[in-house]
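A.B. asks: First to last, the sequence lines map onto chains X and C. In this note's numbering, each residue's number is its place in the first sequence (first place is 1) plus 116. Numbering-wise, this note's numbering puts 168 at position 180 of the second sequence, and it's gapless, one number per residue. Positions of the beta carbon are idealized from the N, C-alpha and C atoms, including for glycine. All of these numbers come straight from a predicted model, not from anything done at the bench.
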Amino acid sequence: MKRAFTLSVAALSLWVAGAAVVQAGPKVVSGPGADPGCFAPWNDEIKYFQWDKRDGPHKVAVVNGFVGNTWRIQMIQTAKAYVEQPEVAAKIETFKAVSTGTDVAAQLGAIEDFINQGYDAIITIAVSPEGFDRVIRLADRNDVVVVPFDNILDTDKVMMVNEDQLEMGRMYGRWLIEQLGSQKSGKILEVRGLQGNSVDRDRHIGFREVFEPAGDWEIVEVVGNWDDGTAQKVTADAIAVHGKFDAVVVQGGSTGTVRAMLDAGHPMVPIAGEAENGFRKLLAAHSGDGLKGISIGQSPGMVAIAIKAALAALDGNKMPQLISVPIPYAKYDELEEGKNYWPDLTDNFFTVNEFPPCGVNITAREIMAKDAENTQ
Amino acid sequence: MKTRSAMTDLKIRASQNVGLLTAIAIFAVFYIFYNLNHPRGFSTAVLIQNSNEVYALAMVAMAQTLPVLLGGLDLSVGAVMTLVNTLASHVLNGTPFEMFLGFLACVAAGAACGFVNGCVVVYGRLQPIIATLATGAVYIGFALFLRPSPGGDVDGDLSWAMTNDLFEIAATYGFAENGEAAWFKTIAWIPTPLVLLILTAVLIWMPFRRSVTGRTVYAIGSGEGAAYMSGLNIDRAKIAAFTLGGLFAGLGGLYLALQTSSGNADIPQAGAYTLNSIAAVVVGGTSLLGGVGTAVGSIIGALVLRTISFNFRIFEIDPLLQPLIEGFVLLAAVSLGALRVLKVKNTLELFR
Chain X
117 MKRAFTLSVA ALSLWVAGAA VVQAGPKVVS GPGADPGCFA PWNDEIKYFQ
167 WDKRDGPHKV AVVNGFVGNT WRIQMIQTAK AYVEQPEVAA KIETFKAVST
217 GTDVAAQLGA IEDFINQGYD AIITIAVSPE GFDRVIRLAD RNDVVVVPFD
267 NILDTDKVMM VNEDQLEMGR MYGRWLIEQL GSQKSGKILE VRGLQGNSVD
317 RDRHIGFREV FEPAGDWEIV EVVGNWDDGT AQKVTADAIA VHGKFDAVVV
367 QGGSTGTVRA MLDAGHPMVP IAGEAENGFR KLLAAHSGDG LKGISIGQSP
417 GMVAIAIKAA LAALDGNKMP QLISVPIPYA KYDELEEGKN YWPDLTDNFF
467 TVNEFPPCGV NITAREIMAK DAENTQ
Chain C
-11 MKTRSAMTDL KIRASQNVGL LTAIAIFAVF YIFYNLNHPR GFSTAVLIQN
39 SNEVYALAMV AMAQTLPVLL GGLDLSVGAV MTLVNTLASH VLNGTPFEMF
89 LGFLACVAAG AACGFVNGCV VVYGRLQPII ATLATGAVYI GFALFLRPSP
139 GGDVDGDLSW AMTNDLFEIA ATYGFAENGE AAWFKTIAWI PTPLVLLILT
189 AVLIWMPFRR SVTGRTVYAI GSGEGAAYMS GLNIDRAKIA AFTLGGLFAG
239 LGGLYLALQT SSGNADIPQA GAYTLNSIAA VVVGGTSLLG GVGTAVGSII
289 GALVLRTISF NFRIFEIDPL LQPLIEGFVL LAAVSLGALR VLKVKNTLEL
339 FR
């Protein structure tokens, strides 16, 4: 009995021994930060973080939440392809990626686990915009750089990476104005995304803000849920009701929208859409007929920017708290087979994976090679 | 003679709990393996992090055990957890007394949801799976009403103290010489969620199981007709079982609010917890046919579910293969528990 007690006390002290932590975290500094072309601050009020410089190579983990759509799968493959590029691989000792599902406790647990394992940086797509206070506190204590991207947090205590959805909407607007040229009135079709989502709201607001004052427009709004099937159906309905539009803007499911136009024999008009491979294939095929489009995307390749930002932070650089990733786009006359669209790949492959200002360029071939590896 | 009968007794008990014992073995193997390969394995930090991650799922799994013992399924456990989570994000702040009232409100809300489930099943004469599908949707509706978008305000000290070890509680609230007292040292390393989990099992589940109502629940699961003919109060036991289930699920949601310092009416998450709770119950050796199993087994089941994914963080496993591997391990766990089927002499026994 006594012996058992001594043993358990010995075991206790073992558990306790690992518990010591040091208070730390990033210093809040004033800008400008490193490489502003790539790590652009969201706006002028953004504060800057600086962590102590640490020698590499570093341990980096990606903690994804939901997995099961093309975008997320491509994101994970992109992350793996990026860390294998020679100049990145040299800075990384270990790279690990896990998906926790839509379970905030599991995601928090995974992040905390990587903190405890002594990882230097943890990249994550947050399952919930709230609830990460505890892991942020732990990350700061252990000097770990946590970088949420895409679905980011409602906090300013952590460095985050995203694309500016408002700006994306404005780009739609500017493109259509440019293409319509002298025409200052007409009927416009706007195919919106998933309702109640901040991305849908922001792109819509951005588009209206730029486009509405530019002329006397009748804008017809339909909801396509960022889905090819839905977008195709609602576009077909809208064409049936309204006859002819002078321009089209579609937030997602762009391939479906163009197909509906082709099916209905709708004249090819200027269009602004997402960055699906199928949309770009159609743009390439029909731009001569007047389908003058711009293809702008929320890129799964953002994960690479998040990793790059984490590595830059570990090098002791000043980093903006909220980084606005340059929005990747291609105009119809810039499309090049095998460069920014791939006739031999599926329609729902997300084409935008290059970020020239960041020197990040992951080719489709690299990403698809990852796909092949996983199925072997 | 006496020792022999004790041995046979143990043997019978073991053979009755093959599923549970398999689950414990699988958990032990995976968890020790994980700790051995973790750079900070067997440390408090890792234990805290693991028990935080397990608590809500373990509570929801315990909640699911009761309807399953009755021979039904409760599809609202995740919804009750979510509802209480959103409620807690409103009430767990202010003065200590206000927080205590908030805590009581959360517990009561969970139990009330379970009570409603029980009444719908008993007086509405509906199958639990259908009744709770409907009530679950209602609870999610309330949760969305309470928290249309994620957020909330949970007392920071409380949140921090409850999601760490006992030392942090003492240090935060200043007892046992801020956790430095010599007598306190021996227990200071224990994670609070682990203590809460054990307390819930010992103070709520075990007395319930031993009570007449608790035994009636088992009797109903084994044979409702026989239980009725034995003069047991069936309706009361069913309502009590669902109420207790609601209480457990509510505690899970309460803890989730402490852990995240916020509330979120996350519908996919509610669904995921409901499904995982059923998996945990089955892995923990409880029969979906009813009448056999324990809530403690479901805790082990939840531990198994979580421990599998702990290992993904240690080993090089392709993220896209992880769900596949998790599925295989679960299938193996459930199959091992069902191996006794091969030993059955009369296959008719399988149909009882």
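Tell me, which residues are paired with residue 338(X) by DSSP?
C.D. replies: Within the first sequence, numbered from 1, the residue matching residue 338(X) stands at position 222. Answer by DSSP bridge pairing, in chain order: 307(X).
A.B. asks: What does residue 141(C) touch in chain X if you count any residue whose Cβ is under 7 Å from its own?
C.D. replies: Sequence index remark: in the second sequence, residue 141(C) carries index 153 (1-based). Ordered by position in chain X, no residue passes the 7 Å Cβ test against residue 141(C), which lies about 10 Å from the chain.
A.B. asks: Output yes or no for whether 8 Å exceeds the beta carbon distance between residue 205(X) and residue 231(X).
C.D. replies: Taking the first sequence and counting its residues from 1, one reaches residue 205(X) at position 89. Taking the first sequence and counting its residues from 1, one reaches residue 231(X) at position 115. The answer is no: Cβ separation not under 8 Å.
A.B. asks: Could you please give the first and the last residue of the uninterrupted beta strand (DSSP E) stretch that includes residue 165(X)?
C.D. replies: Working through the first sequence from its first residue, we reach residue 165(X) at position 49. Start and end: 164 to 166.
A.B. asks: Relative to the C-alpha of residue 338(X), which residue among 250(X), 373(X), 246(X) is closest?
C.D. replies: Numbered from its first residue, the first sequence carries residue 338(X) at position 222. With distances taken between Cα atoms, residue 338(X) lies closest to 373(X).
A.B. asks: With a threshold of 16 other CB atoms inside 10 Å of the CB of residue 200(C), please say whether the residue is buried or exposed.
C.D. replies: Your numbering for residue 200(C) matches position 212 in the second sequence. Residue 200(C) comes out exposed.
A.B. asks: Give every residue of the same chain whose Cβ lies closer than 6 Å to the Cβ of residue 242(X), excluding the five residues on either side of it in the sequence, and list them in chain order.
C.D. replies: Here residue 242(X) corresponds to residue number 126 of the first sequence, with the count starting at 1. Closer than 6 Å at Cβ, skipping near neighbours: 264, 267, 269.
A.B. asks: Say yes only if the C-beta of residue -2(C) is nearer than 7 Å to one or more non-hydrogen atoms of the ligand COA, and no if none qualify.
C.D. replies: Within the structure as shown, the ligand COA is missing, as the structure has no ligands at all.
A.B. asks: Judging by CA-CA distance, which residue of 179(X), 346(X), 326(X) is the nearest neighbour of residue 301(C)?
C.D. replies: In the second sequence, residue 301(C) corresponds to position 313, counting from 1. Among 179(X), 346(X), 326(X), the Cα nearest to that of residue 301(C) belongs to 179(X).
A.B. asks: Name, please, each residue of chain C whose Cβ falls closer than 7 Å to the Cβ of residue 249(X).
C.D. replies: As a first step, residue 249(X) is located in the first sequence; it is residue number 133 there, counting from the start. Correct list: 249.
A.B. asks: So, using beta-carbon positions, are residue 348(X) and residue 391(X) closer together than 8 Å?
C.D. replies: On the first sequence, position 232 is the one that residue 348(X) refers to. On the first sequence, position 275 is the one that residue 391(X) refers to. Taking 8 Å as the Cβ cut-off, residue 348(X) and residue 391(X) do not qualify as a contacting pair.
A.B. asks: What is the C-beta distance between residue 498(X) and residue 289(X), in whole angstroms, given that I count them as a contact (C-beta under 8 Å)?
C.D. replies: Within the shown structure, residues of chain X are numbered from 117 to 492, placing residue 498(X) beyond reach of any answer.
A.B. asks: In terms of residues, what are the limits of the beta strand (DSSP E) holding residue 478(X)?
C.D. replies: Your numbering for residue 478(X) matches position 362 in the first sequence. Element bounds for residue 478(X): n/a, residue is neither H nor E.
A.B. asks: So what does DSSP say about residue 174(X), is it helix, strand or coil?
C.D. replies: Looking up residue 174(X) in the first sequence gives position 58. Residue 174(X) falls in the strand class under three-state DSSP.
A.B. asks: Counting only Cβ-Cβ distances shorter than 8 Å, please list the residues of the region 212 to 224 of chain X near chain C, keeping chain order.
C.D. replies: Going along the region 212 to 224 of chain X in chain order, one finds 212, 213, 214, 215, 216, 217, 218, 219, 220, 221, 222, 224 with a Cβ nearer than 8 Å to chain C.
A.B. asks: Would the beta-carbon of residue 476(X) fall within 8 Å of that of residue 413(X)?
C.D. replies: In the first sequence, the residue the question calls residue 476(X) occupies position 360. In the first sequence, the residue the question calls residue 413(X) occupies position 297. Against a cut-off of 8 Å, the Cβ pair of residue 413(X) and residue 476(X) comes out as no contact.
A.B. asks: Going by DSSP, what residue range makes up the alpha helix (DSSP H) through residue 397(X)?
C.D. replies: To locate residue 397(X), count along the first sequence from 1; it is residue 281. Per DSSP, residue 397(X) belongs to the alpha helix (DSSP H) from 393 to 402.
A.B. asks: Using DSSP bridges, identify the partner residues of residue 447(X).
C.D. replies: For the purposes of this step, residue 447(X) is identified with residue 331 of the first sequence, where counting begins at 1. DSSP output for residue 447(X) lists 410(X) as bridge partner(s).
A.B. asks: Please list, in chain order, the chain C residues whose beta carbon lies closer than 7 Å to that of residue 234(X).
C.D. replies: Position 118 of the first sequence holds residue 234(X). Here the neighbours are 27.
A.B. asks: For the candidate residues 13(C), 22(C), 150(C), 4(C), whose alpha-carbon lies nearest to that of residue 239(C)?
C.D. replies: Mapped onto the second sequence, residue 239(C) falls at position 251. Of the candidates 13(C), 22(C), 150(C), 4(C), the one whose C-alpha sits nearest the C-alpha of residue 239(C) is 150(C).
A.B. asks: Ordered along the chain, which non-local residues of its own chain (more than five positions away) have a Cβ less than 7 Å from that of residue 121(C)?
C.D. replies: Stepping through the second sequence from its first residue, residue 121(C) is reached at position 133. Within the same chain, residue 121(C) has close Cβ partners 63.
A.B. asks: Taking just the CA atoms, how far does residue 270(C) sit from residue 293(C)?
C.D. replies: Along the second sequence, one-based indexing puts residue 293(C) at 305. Along the second sequence, one-based indexing puts residue 270(C) at 282. Spanning the two alpha carbons is a distance of roughly 11 Å.
A.B. asks: Buried or exposed, going by whether 16 or more other CB atoms sit within 10 Å of the CB of residue 193(X)?
C.D. replies: Looking up residue 193(X) in the first sequence gives position 77. It is buried - the Cβ of residue 193(X) has at least 16 other Cβ atoms within 10 Å.
A.B. asks: With H, G and I counted as helix, E and B as strand and the rest as coil, what does DSSP make of residue 91(C)?
C.D. replies: The residue you call residue 91(C) lines up with position 103 of the second sequence. Residue 91(C): helix per DSSP, three-state reduction.
A.B. asks: Taking only runs that begin and end inside the region 180 to 236 of chain X, name each unbroken beta strand (DSSP E) of 3 or more residues, in chain order.
C.D. replies: Whole beta strand (DSSP E) segments, 3+ residues: 208 to 215.
A.B. asks: Alpha carbon to alpha carbon, how far is residue 171(X) from residue 432(X)? Give it in angstroms, no decimals.
C.D. replies: As a working note, residue 432(X) is residue 316 in the first sequence. As a working note, residue 171(X) is residue 55 in the first sequence. Rounded to whole angstroms, residue 432(X) to residue 171(X) spans 10 Å at the Cα level.
A.B. asks: What is the DSSP secondary structure of residue 157(X), reduced to helix, strand or coil?
C.D. replies: Residue mapping note: residue 157(X) aligns to position 41 of the first sequence, counting from 1. Note: residue 157(X) maps to strand in three-state DSSP.
A.B. asks: Is any beta-carbon of chain X found at less than 8 Å from that of residue 151(C)?
C.D. replies: Here residue 151(C) is taken as the residue at index 163 of the second sequence, counted from 1. Judged by the 8 Å Cβ criterion, residue 151(C) is in contact with chain X.
A.B. asks: Taking 6 Å as the limit between beta carbons, can you name the residues of its chain near residue 416(X), skipping five residues before and five after?
C.D. replies: On the first sequence, residue 416(X) is found 300 positions in, with the first residue counted as 1. Answer for residue 416(X): 187, 190, 191, 194, 466, listed in chain order.
A.B. asks: Using the rule of at least 16 other Cβ atoms within 10 Å of the residue's Cβ for burial, across every protein chain shown, is residue 396(X) buried or exposed?
C.D. replies: Here residue 396(X) is taken as the residue at index 280 of the first sequence, counted from 1. Per the 10 Å Cβ criterion, buried.
A.B. asks: Short check: CB of residue 245(C) to CB of residue 65(C), under 8 Å?
C.D. replies: Mapped onto the second sequence, residue 245(C) falls at position 257. Mapped onto the second sequence, residue 65(C) falls at position 77. No. Outside cutoff.
A.B. asks: Can you give me the C-alpha to C-alpha distance between residue 251(X) and residue 153(C), rounded to a whole angstrom?
C.D. replies: For this step, residue 251(X) is matched to residue 135 along the first sequence. For this step, residue 153(C) is matched to residue 165 along the second sequence. Their backbone Cα atoms lie some 15 Å apart in a straight line.
A.B. asks: Considering only the alpha carbon of each residue, which of 316(C), 305(C), 322(C), 291(C) lies closest to residue 48(C)?
C.D. replies: The residue given as residue 48(C) occupies position 60 in the second sequence. Measuring from the Cα of residue 48(C), the nearest candidate turns out to be 291(C).
A.B. asks: For the region 187 to 199 of chain X, enumerate the residues whose C-beta is nearer than 7 Å to any C-beta of chain C, in chain order.
C.D. replies: Here the close residues are 189, 192.
A.B. asks: Which bits of chain X does residue 75(C) rub up against, with CB to CB less than 7 Å?
C.D. replies: Here the question's residue 75(C) lines up with position 87 in the second sequence. Neighbours of residue 75(C) on chain X: none; closest Cβ ~15 Å, over 7 Å.
A.B. asks: Whether or not the region 250 to 260 of chain C and the region 222 to 233 of chain C are in contact is what I'm after, with contact meaning three or more pairs of Cβ atoms, one per stretch, closer than 8 Å; do they touch?
C.D. replies: With the cut-off at 8 Å, the region 222 to 233 of chain C and the region 250 to 260 of chain C do not touch.
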